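Heads up: the sequence shown runs through residues 546 to 857, numbered per my numbering.
These notes concern the structure reproduced below.
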Amino acid sequence: MSERKVLTKYYPPDFDPSLVGRARKAKGTAAETGPKVQTVRLMAPFSLRCVACGEYMYRGRKFNARKETPQGEKYLGIQLYRFYIRCTRCSAEIVFRTDPKNQDYIMERGAKRNTDPWKRGLVAEVGGDDETDEQRLDRLEREMAEAEGEEERNAMAELEGKMEDAKREMAVADALDEIRSRNARLEQAHREGGGELLDGVVAGVVRPEEEVRRRQDEEDAEAARRAFAFVRRQEMLEEVMEEDGEVENGNGAGSGSGSSSAAASTFDPKPPSAAAATSEMPPPPVPSFKRQVKKKKDHAALLGIKKKQPLV
546 MSERKVLTKY YPPDFDPSLV GRARKAKGTA AETGPKVQTV RLMAPFSLRC VACGEYMYRG
606 RKFNARKETP QGEKYLGIQL YRFYIRCTRC SAEIVFRTDP KNQDYIMERG AKRNTDPWKR
666 GLVAEVGGDD ETDEQRLDRL EREMAEAEGE EERNAMAELE GKMEDAKREM AVADALDEIR
726 SRNARLEQAH REGGGELLDG VVAGVVRPEE EVRRRQDEED AEAARRAFAF VRRQEMLEEV
786 MEEDGEVENG NGAGSGSGSS SAAASTFDPK PPSAAAATSE MPPPPVPSFK RQVKKKKDHA
846 ALLGIKKKQP LV
């Protein structure tokens, strides 16, 4: 790398300058009059598909291309350029050129350009690439008119939406004012403490469904109160009947015991000593806290297993 920076270089004794480099060709020859070709680095301006192998190449794919400047091919003084690239899969030659008329590129051979969304329907309407200036102007005017009509329709729809929003806001504001005025009247009635006035205000503002619900609640409460009162009366009657029965049983038992005692005193054949001995009962036995060992159950016998007798 340092050799290229020196001021002088070594030439051998047998050096012949005529054998080195390319000789300049005279002007007017076939090479000078032919199209100028350059090697450039470019990106694919559109997505395309190779017709030889079917390989897809997306837009923006980089290629080492040959740029050709054909003589005499111009559009309104604008020079046309032709580019030669190769397929990334089968190395087939693909050629396309510039199109200043449509501000685009035209595929010539070797590949097929994919569908462009902005050109759908253009071939059926005006013939695609054969569109004249008048047809193009008509198409642009028509598109502009459609765009203006769409904007006008959008403006009308937006205005109608704003009007609907305004009406809705006004209705909400009126409802809020009505609720506030009603709350103010109720608060004033509470402060004054007038029962009749409060009842009148409430009766004026209570809705029918609320009135029906309140009436049903009152009927349910009244039915529950009657049921509880009936149950309490039944319980009281049962208590009174039980007390009367106990009193009658007590009186009958007392008279019976008196008569029996009298009869016993009258007709008792036993002497007083025997009666005293009978009245004296023996005392209950004293409980014992001695531990009692339970006899173990013979589970083997229950299962039908016979124990072997010891030999000794």
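Backbone N, C-alpha and C fix where the C-beta goes; we use that ideal spot for every residue, glycine too.
The structure displayed is predicted, hence computed values, not measured ones.
Just how far apart, CA to CA, sit residue i and residue j?
i: Gly-605; j: Arg-642; result: 16 Å
i: Asn-609; j: Cys-632; result: 11 Å
i: Val-565; j: Thr-584; result: 23 Å
i: Gly-694; j: Asp-683; result: 16 Å
i: Ala-845; j: Lys-835; result: 30 Å
i: Leu-587; j: Tyr-556; result: 40 Å
i: Glu-709; j: Tyr-626; result: 59 Å
i: Lys-612; j: Glu-705; result: 58 Å
i: Phe-560; j: Phe-628; result: 41 Å
i: Glu-697; j: Phe-591; result: 35 Å
i: Ile-850; j: Pro-830; result: 43 Å
i: Arg-758; j: Asn-699; result: 50 Å
i: Glu-784; j: Asp-765; result: 29 Å
i: Pro-753; j: Glu-703; result: 41 Å
i: Leu-782; j: Ala-772; result: 16 Å
i: Lys-841; j: Lys-852; result: 15 Å
i: Arg-760; j: Arg-770; result: 15 Å
i: Gln-680; j: Met-689; result: 14 Å
i: Thr-553; j: Glu-638; result: 45 Å
i: Ser-563; j: Asp-678; result: 57 Å
i: Glu-714; j: Ala-729; result: 22 Å
i: Ala-716; j: Arg-736; result: 30 Å
i: Ile-623; j: Ala-692; result: 32 Å
i: Met-701; j: Ala-734; result: 50 Å
i: Lys-657; j: Lys-607; result: 18 Å
i: Leu-847; j: Val-838; result: 21 Å
i: Glu-653; j: Val-551; result: 50 Å
i: Leu-856; j: Pro-828; result: 54 Å
i: Glu-755; j: Phe-775; result: 31 Å
i: Glu-686; j: Ala-718; result: 48 Å
i: Asp-762; j: Asp-722; result: 31 Å
Span of the alpha helix (DSSP H) holding residue i?
i: Asp-683; result: 678–737
i: Leu-847; result: 844–847
In terms of residues, what are the limits of the beta strand (DSSP E) holding residue i?
i: Ala-656; result: 656–658
i: Gln-583; result: 581–588
i: Lys-612; result: 607–614
i: Glu-638; result: 638–644
i: Leu-593; result: 593–595
i: Ile-630; result: 627–631
Say the cut is 6 Å; is the CB of residue i nearer than that to a heavy atom of the ligand SAH?
i: Leu-704; result: Because no ligand of any kind appears in the structure shown, any question about the ligand SAH cannot be addressed here.
Can you give me the Cβ contacts of residue i inside the same chain, cut-off strictly under 6 Å, excluding the 5 residues immediately before and after it?
i: Tyr-620; result: Pro-645, Lys-646
i: Tyr-603; result: Ser-592
i: Thr-811; result: Note on Thr-811: pLDDT 43, under 50, position unreliable in the model; the coordinate value appears next. None.
i: Asn-659; result: Ser-592
i: Glu-788; result: none
i: Lys-581; result: Thr-614
Taking residue i as the reference, give the member of the options with the closest Cα.
i: Ser-636; options: Arg-736, Gly-655, Asp-649; result: Gly-655
i: Ala-589; options: Asp-649, Pro-558, Lys-839, Asp-843; result: Asp-649
I'd like the list of long-range same chain contacts for residue i, defined as Cβ closer than 8 Å, with 5 residues on each side in sequence excluded.
i: Glu-600; result: Arg-594, Cys-632, Thr-633, Arg-634, Cys-635
If I measure Cβ to Cβ from residue i and keep anything under 7 Å in the same chain, skipping five residues before and after, which residues do I get?
i: Ile-651; result: Phe-641, Arg-642, Asp-644
i: Arg-777; result: none
Check your understanding: Do the stretch 591–603 and the stretch 612–624 make contact, defined as three or more Cβ pairs closer than 8 Å?
Key -> no
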